[in-house]
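In the working numbering, the protein residues as written are 15 to 397. The structure appears below as structure tokens.
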Ligand SMILES: [Fe+2]
Ligand SMILES: [Fe+2]
């Protein structure tokens with residue numbers, strides 16, 4: 015065959031298959047001036063061989079050939095090279111077979127012999143356009159797929175980055191809150207240090223009170239406020255003479271009046287600190303009695319008028335004091351503490367807070383008042 019295989023001068027290649035050599039020659043002549051590679055084969059197996067070696071966009075075949083019909087050839091082409099545009103150039107007598115193949119989607123177009131030169135040239139050009147279009151669609155699909163993959167990657171990275179940053183911010187926030195609590199702890203510890211017997215008192219009151227607040231079902235923010243108020247409840251003792259605070263004997267009335275000042279002094283000390291604004295009233299009122307009697311101070315508030323954290327702290331404060339050694343007595347046993355809470359529930363203590371405390375004491379026993387508990391308020395309220 016007079017093929018110019020391997021030349022590939024042009025972008026487009028068409029393969030004509032016909033067992034009549036004269037027809038192939040006529041076709042070569044017809045397309046000589048066209049800017050495309052023209053390959054020819056006179057037998058179906060040869061055509062398949064050529065297509066395996068040489069990329070072509072269009073194949074045009076006769077129907078009636080000795081070894082293999084055109085329809086069968088195009089079926090094989092379709093199987094091996096699905097992108098090649100398949101056409102049939104055939105006489106009227108074979109049209110029925112070809113129409114059938116067209117209907118099955120095997121063939122792009124049918125040209126009848128004898129052909130009209132201009133029409134055939136135009137049809138082949140259209141076939142190349144069709145092939146180009148299919149290629150372009152395929153290429154775009156590939157690009158889209160790749161871009162989708164890249165986008166998915168990008169999304170995954172972004173999600174990771176957002177997660178990391180969010181965690182960093184949360185960690186920083188946690189760090190800051192801890193630093194804030196540590197500062198408050200240091201302040202309250204300084205106050206407790208005025209008297210060897212009350213060392214750790216404020217911390218323990220804060221811990222007990224926050225446990226009661228959680229037992230009562232309050233939210234994180236409230237539990238934190240109760241804890242901070244517990245830490246600071248006696249900060250006003252800084253303004254009371256050491257001699258009065260550490261006095262092992264009974265206080266005389268003047269000394270008792272002086273020590274009663276500590277709740278007001280504490281509130282005044284904390285007042286200028288903006289972020290402790292909601293803690294100030296809790297400190298001021300932590301010695302009010304629930305029934306409003308004159309033993310409470312400084313304002314003799316009654317019932318719900320007393321801030322709830324103050325009511326909780328009062329029970330915690332009492333329990334802590336009773337379960338700690340004093341110069342004039344040893345720590346009291348738990349039964350005595352329970353009896354005392356029950357006795358003063360409704361007068362000194364808000365029954366709701368007293369009951370919550372009793373529930374905790376019953377559930378946890380001695381462990382509840384264990385000294386030197388390691389306490390991270392944020393671990394506690396998150397956990
Ligand atoms: Fe106090
Ligand atoms: Fe206290």
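Beta carbons: idealized from backbone N, C-alpha and C, even for Gly. Note that the structure is a prediction, hence the values are computed from the model and not measured.
Between which residues of its own chain and residue i is the CB-CB distance below 7 Å, once the five residues before and five after are set aside?
i           : result
residue 225 : 374
residue 76  : 31, 32, 33, 84, 103, 104
residue 194 : none
residue 308 : 314
residue 381 : none
residue 69  : 27
residue 111 : 77, 85
residue 106 : 126
Give me the residue from the options with the minimum Cα distance to residue i.
i           : options            : result
residue 198 : 210, 217, 26       : 217
residue 132 : 286, 239, 45, 290  : 45
residue 328 : 238, 233, 212, 364 : 364
residue 312 : 280, 100, 213, 335 : 280
residue 99  : 145, 244, 246      : 145
residue 142 : 29, 41, 261        : 29
residue 323 : 149, 184, 115, 295 : 295
residue 66  : 90, 43, 282, 223   : 90
residue 50  : 120, 187, 140, 189 : 140
When the Cα atoms are used, what is the spatial distance from residue i to residue j?
i           : j           : result
residue 268 : residue 275 : 11 Å
residue 350 : residue 358 : 12 Å
residue 377 : residue 229 : 11 Å
residue 305 : residue 318 : 10 Å
residue 73  : residue 92  : 10 Å
residue 87  : residue 96  : 13 Å
residue 18  : residue 52  : Confidence in residue 18 is poor, its pLDDT being 49 and thus under 50, which makes the residue's placement unreliable; the coordinate value appears in the next sentence. Residue 18 and residue 52: Cα-Cα distance of roughly 7 Å.
residue 340 : residue 288 : 36 Å
residue 124 : residue 79  : 17 Å
residue 201 : residue 165 : 54 Å
residue 260 : residue 174 : 57 Å
residue 62  : residue 167 : 42 Å
residue 128 : residue 161 : 49 Å
residue 170 : residue 176 : 10 Å
residue 338 : residue 293 : 25 Å
residue 330 : residue 243 : 12 Å
residue 16  : residue 163 : Only weak support is given to the placement of residue 16: the predicted model assigns it a pLDDT of 47, under 50, and the value that follows is read from those uncertain coordinates. So the two alpha carbons sit approximately 47 Å from each other.
residue 40  : residue 108 : 21 Å
residue 391 : residue 347 : 27 Å
residue 237 : residue 208 : 27 Å
residue 384 : residue 227 : 18 Å
residue 134 : residue 101 : 11 Å
residue 54  : residue 38  : 7 Å
residue 71  : residue 115 : 19 Å
residue 335 : residue 344 : 11 Å
residue 286 : residue 277 : 16 Å
residue 393 : residue 184 : 14 Å
residue 204 : residue 196 : 12 Å
residue 231 : residue 257 : 41 Å
residue 154 : residue 397 : 53 Å
residue 138 : residue 156 : 27 Å
residue 191 : residue 180 : 16 Å
residue 214 : residue 262 : 18 Å
Identify every residue that forms a DSSP beta bridge with residue i.
i           : result
residue 301 : 311
residue 363 : 359
residue 75  : 31, 102
residue 53  : 29
residue 343 : 340
residue 124 : 102
Leaving out five residues before and five after residue i in sequence, what residues of the same chain have Cβ atoms less than 6 Å from its Cβ?
i           : result
residue 302 : 310, 315, 320
residue 25  : none
residue 253 : 279
residue 42  : 52
residue 361 : 305
Around the Cβ of residue i, are there at least 16 other Cβ atoms within 10 angstroms (buried) or fewer (exposed)?
i           : result
residue 388 : exposed
residue 379 : exposed
residue 326 : buried
residue 367 : buried
residue 158 : exposed
residue 172 : exposed
residue 222 : buried
residue 220 : buried
residue 182 : exposed
residue 35  : exposed
residue 150 : exposed
residue 240 : buried
residue 152 : exposed
So, for residue i: in the same chain, excluding its five sequence neighbours on each side, which residues have a beta-carbon less than 8 Å away from its beta-carbon?
i           : result
residue 59  : 81, 82
residue 211 : 260, 338, 339, 340, 341
residue 284 : 246, 249, 290, 293, 294, 297
residue 271 : none
residue 356 : 368, 372
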